[in-house]
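Below is one structure; the comments refer to it alone.
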Amino acid sequence: MKNRALYFLRNKLKVLILLGVVLLGILGILVLTAIFGAFEDTKNEIFQYSEQRMWSLLIPAAPKADANAIAKRFSDDAAYIVNSTVFQLHYPIFDIARAAIILYGVTERDLSFLKERIKIRLVAGKWFEEGTNQIVTPQAFLNARKLSIGQQIRIKDQVFIISGVIEGDYWFILGSKGYLEGIDNSGELLLAFPKNNKIFNDQLEKVKQESLSQLRVVTPAQIGERLKETNREYNLIYIGFSIFFAVVIAGSISFLVLLFYRTRMIEFAIKYLFGFTKKRILADILMEQALLLSVAWLLSVGISYGVLSLFIRYFFYPNGIILQIKFRSILGTILVVIFVFGLLAVSIWKKLYRSNLLDTILGKD
Amino acid sequence: MLIQINDLQKKYGQTVVLADVSLQINSGEFIGIVGESGSGKSTLLYTLSGLKTIDHGSVLIDSKNIAKLKQNELVIFRHKNFGFIFQENYLINYLTVKENILLPVQQITKEVEKRVDDLLEFIKVASLAHKFPYSLSVGQKQRIAVARALVNQPLILFADEPTASLDAENARNILSLLSQYRESFGLTIIMVSHNQGEWECFDRIFKIENKTIREIKGSGS
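As they're listed, the protein sequences go chains A and B.
According to my numbering, the first sequence is numbered sequentially starting from 510.
According to my numbering, the second sequence is numbered sequentially starting from 182.
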C-alpha cells in the first residue's frame with residue numbers, strides 16, 4: 510500500500526497544480542471572509558437589537574392591520590423581530606415605506622444605531638436615560654396630546670416621562686390617533702414612518718396610507734415559520750451554488766488532467782506493460798480522482814458559502830436570517846460529485862478495458 | 182531461463198507477417214533480431230514477450246506457454262520476468278527521473294529505492310535523479326528508460342531498436358550499459374536492431390526474411 514500512498518506524490522506536477530488551485534481557493538475564501546466579515550456583525554446587530562435588547566418591535570408590512578394586537582405585542586413580548594424592516598433600516602432606499610417602527614426602551618448603544626441608521630435626532634430636551642421610564646417623542650405627538658417635556662404619559666399600562674423631542678430626516682414620528690386614520694391606535698404607540706424624501710416625494714401620502722393598511726402583528730410562531738421558510742430557500746440556493754461550483758471546479762480539474770491526456774495514457778500503458786493489472790491501474794486512477802473530486806467538492810462548498818453570504822449581504826433580502834446551511838444541503842451536493850465520479854469511472858473503465866492500452870506504445874496492428 | 186518458439190505464425194488480418202518461426206534462446210544470451218524495415222522484427226519481439234497474440238505455434242518460456250496464458254496471468258508474468266525498452270523512451274514529463282524509474286514498481290520498499298539509486302549510478306545519471314525528463318538530452322532519457330526497464334530485475338529484456346533515435350556515441354553507451362548489466366546479472370536480452378554496427382555485441386543474430394527467421398551469427402551459423 511505504500512506505493513499507492515506515494516502515487517500522488519509521484520505525480521508532482523499535478524500535485525503542484527492541484528495545490529495551486531487549492532491555494533487559490535483558500536485565498537478566495539479568505540478574501541471573501543474578509544470582505545464579508547461585516548456580515549457577521551450585521552447578524553449580531555440585527556439579533557442584538559431584536560431578541561436580546563428588546564428595544565423595539567419592527568413590524569413588517571402585511572395586509573390587515575391590527576393595532577390593538579400590535580399594542581399588546583408591544584407590551585407582552587416585543588422581543589421578536591422580523592424581517593423586512595431590518596433590511597429597510599440598513600438599506601433605506603429599498604421599499605422604506607412599507608414598514609413601521611415602534612420605539613421603546615432604547616439603550617445608549619441602540620440610540621447610536623438609530624441616530625446613524627434612521628437619522629433620528631434630538632431637537633429639544635434630552636435623550637432618555639437607559640433603564641428608566643423616560644421616552645422621547647415627536648413634536649406632533651406632544652402637540653396632539655398637549656404635552657410638553659417633563660410631563661408624564663401613559664402608554665398601554667405603563668407610565669413614561671417625556672424627556673425630549675425627536676425628529677428625523679427620513680422618518681415621520683407619529684404617535685396619536687389623529688394621524689392614524691382608520692386605525693384604532695388605542696395603544697397610542699409611537700409609530701415611525703418614512704418622511705418626505707426624494708424617492709417618495711410624490712406618493713408619500715398614498716404610501717403612508719398603504720403602509721397603515723398593511724400593518725399586522727407577527728407572532729413568534731409566524732416568525733419562526735418565516736425563518737424556516739427563508740432558510741429553506743437559502744439552502745436551496747446554496748445547493749444550487751454548490752452544484753455550480755462543484756461542476757466548475759471538477760470540470761477545471763478534469764481539464765487540467767486532460768491536458769496531460771496522452772501522457773497519462775502512456776503512463777497507464779507503461780504500468781500495464783510492466784505488469785500492473787488493469788484492475789490495479791483503475792483502482793489507482795479512481796483513488797486519485799476521488800481525491801481530486803473531494804478537493805473540488807470542499808472548494809465548492811466553501812466558495813458557495815462565501816458567494817451566498819455575499820449575495821445575501823448585498824442583493825438578497827436579508828430577513829435577519831444568517832446563512833444557516835443545513836447539513837443535508839451539504840450532503841446533497843455530494844450526489845453531484847458522486848455523479849461526476851461515476852461518469853469518470855465509466856470513462857476510464859472503457860478506456861482501460863474496451864481498448865488495447867498497449868496500442869498507445871506499440872501502435873495498432 | 183530458456184525461451185523456445187515453435188512454429189510461430191502471426192497474421193495482421195489476412196496478411197501473414199511471420200510464419201514457421203522456430204528458435205531457442207538460452208539464459209543470459211544477447212540476441213539480435215535484424216531484418217529489413219517492415220520485415221516483422223518488432224512483431225516477433227512483441228509476440229515473444231506476449232504483447233501481441235500469435236495465430237499459431239507456441240512461445241515457451243521455461244516450459245510455460247505464454248501464448249496460452251490469460252490476460253491477467255500474462256500481466257503478472259511480464260511483471261516478474263520481462264523488461265522493455267523502445268525506440269521512444271516514453272518517459273513521463275511530469276514525473277522526475279527517479280519517479281519514472283519507479284513507475285513499473287508495484288511495491289516501493291527501501292530495498293527498491295536502494296536498487297534505483299544503484300541503477301542511477303550504473304547508468305551514470307545519479308545527479309539527475311530529481312530532474313524532470315524534459316530537461317534532459319535524448320541520450321540521458323534513453324538511459325533512464327533502460328533503468329526503468331531493469332528496475333524490476335527482469336530475467337529477459339526486450340529491446341525494440343533502443344538506439345535508433347540516438348547518435349553513435351549515445352547508441353554505444355546504451356549498448357555498453359546493456360552488455361555490462363548482462364554480464365553482471367546474467368540478463369537475457371533480445372534486441373531488435375537495424376544498425377549493423379551493433380551486431381558485434383550480440384551473441385547470436387537472427388534475421389527475418391520472407392516472413393521467417395534465420396540465424397546468421399552464433400553457434401548455429
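Glycine is no exception: its CB is placed at the ideal position from the N, C-alpha and C atoms.
Since the model is a prediction, treat every value here as computed from it, not as a measurement.
List the residues of chain A whose Cβ lies closer than 7 Å to the Cβ of residue i, in chain order.
i        : result
B/Ile235 : Ordered by position in chain A, no residue passes the 7 Å Cβ test against B/Ile235, which lies about 12 Å from the chain.
B/Ile207 : The sequence shown places Asn at residue 207 of chain B, rather than the Ile named in the question. None at all; the shortest Cβ gap to chain A is about 24 Å.
B/Tyr271 : Ile775, Ile779, Ile870
B/Val215 : Those do not exist, as B/Val215 stays about 20 Å from chain A at its closest Cβ, beyond 7 Å.
Give the interface partners of residue i over in chain A, defined as CB-CB distance under 8 Å, in chain order.
i        : result
B/Arg259 : Leu782, Phe783, Gly784
B/Tyr227 : Leu871
B/Phe267 : Ile870
B/Val240 : Those within 8 Å of B/Val240 in chain A number zero; the least Cβ separation is about 17 Å.
Step through the CB atoms of chain B and report whether any lies within less than 9 Å of the CB of residue i.
i        : result
A/Trp858 : no
A/Ala792 : no
A/Ile800 : For clarity, residue 800 of chain A is Leu in the given sequence; the question names Ile instead. By this cut-off, A/Leu800 is not an interface position.
A/Arg863 : no
A/Ala759 : no
A/Glu797 : no
A/Ala854 : no
A/Ala755 : no
A/Ala778 : yes
A/Arg789 : yes
A/Gly815 : no
Which residues of chain B have a Cβ atom closer than 9 Å to the Cβ of residue i, listed in chain order?
i        : result
A/Leu532 : In chain order: nothing, as chain B lies at least about 19 Å away.
Could you work out which residues of chain B lie near residue i, taking near to mean beta carbons separated by less than 7 Å?
i        : result
A/Leu840 : Ordered by position in chain B, no residue passes the 7 Å Cβ test against A/Leu840, which lies about 34 Å from the chain.
Does the beta carbon of residue i come closer than 9 Å to any beta carbon on chain A?
i        : result
B/Asn187 : no
B/Phe325 : Phe is not the amino acid found at residue 325 of chain B; the sequence shown has Ile there. With 9 Å as the cut-off, B/Ile325 does not count as an interface residue toward chain A.
B/Ser374 : no
B/Tyr362 : no
B/Ile212 : no
B/Leu356 : no
B/Leu199 : no
B/Ile337 : no
B/Ile304 : no
B/Asn274 : yes
B/Arg296 : no
B/Gly178 : The displayed coordinates of chain B run from 182 to 402. Any statement about residue 178 of chain B would go beyond what the structure contains.
B/Arg329 : yes
B/Arg351 : One detail in the question is off: residue 351 of chain B reads as Asn in this sequence, not Arg. B/Asn351 does not count as touching chain A.
B/Val256 : yes
Return the bridge partner residues of residue i from the DSSP annotation.
i        : result
B/Tyr193 : B/Thr196
B/Arg395 : B/Lys388
A/Gln643 : A/Ile670
A/Val632 : Paired residues: none, contrary to the question.
B/Leu232 : Answer is none; B/Leu232 lacks a bridge partner.
B/Val240 : B/Ile186
B/Met372 : B/Gly213, B/Ala340
B/Gln361 : DSSP, once it has assigned bridges, lists no residue as partnering B/Gln361.
How would you list, in chain order, the residues of chain B whose beta-carbon sits under 8 Å from the beta-carbon of residue i?
i        : result
A/Leu867 : Leu232
Kindly list, in the order they appear in chain A, the residues whose Cβ is closer than 9 Å to that of residue i.
i        : result
B/Ile247 : Residues of chain A passing the Cβ test: none, with the nearest at roughly 13 Å.
B/Ile370 : Going along chain A, no residue has its Cβ under 9 Å from B/Ile370, so there is no contact; the nearest lies around 17 Å.
B/Asn391 : Correct list: empty, because the minimum Cβ distance to chain A is about 21 Å.
For residue i and chain D, any beta-carbon pair shorter than 9 Å?
i        : result
B/Ser223 : No chain D is part of this structure, whose protein chains are labelled A and B.
TODO: May I ask you to list, following chain order, the residues of the stretch 276–294 of chain B that have a beta carbon less than 8 Å from some beta carbon of chain A?
DONE: Those would be Leu276, Thr277, Glu280, Leu283, Leu284, Pro285, Val286, Gln287, Gln288, Ile289, Thr290, in chain order.
Task: Every unbroken alpha helix (DSSP H) inside the stretch 777–821 of chain A [4 residues or more] - done: For the stretch 777–821 of chain A, not a single whole alpha helix (DSSP H) run of length 4 or above is found.
- [ ] Could I get the ranges of all uninterrupted alpha helix (DSSP H) runs contained in the stretch 258–307 of chain B, with 4 residues as the minimum, in chain order?
- [x] As far as the stretch 258–307 of chain B is concerned, its whole alpha helix (DSSP H) runs of at least 4 residues are 278–283, 291–303.
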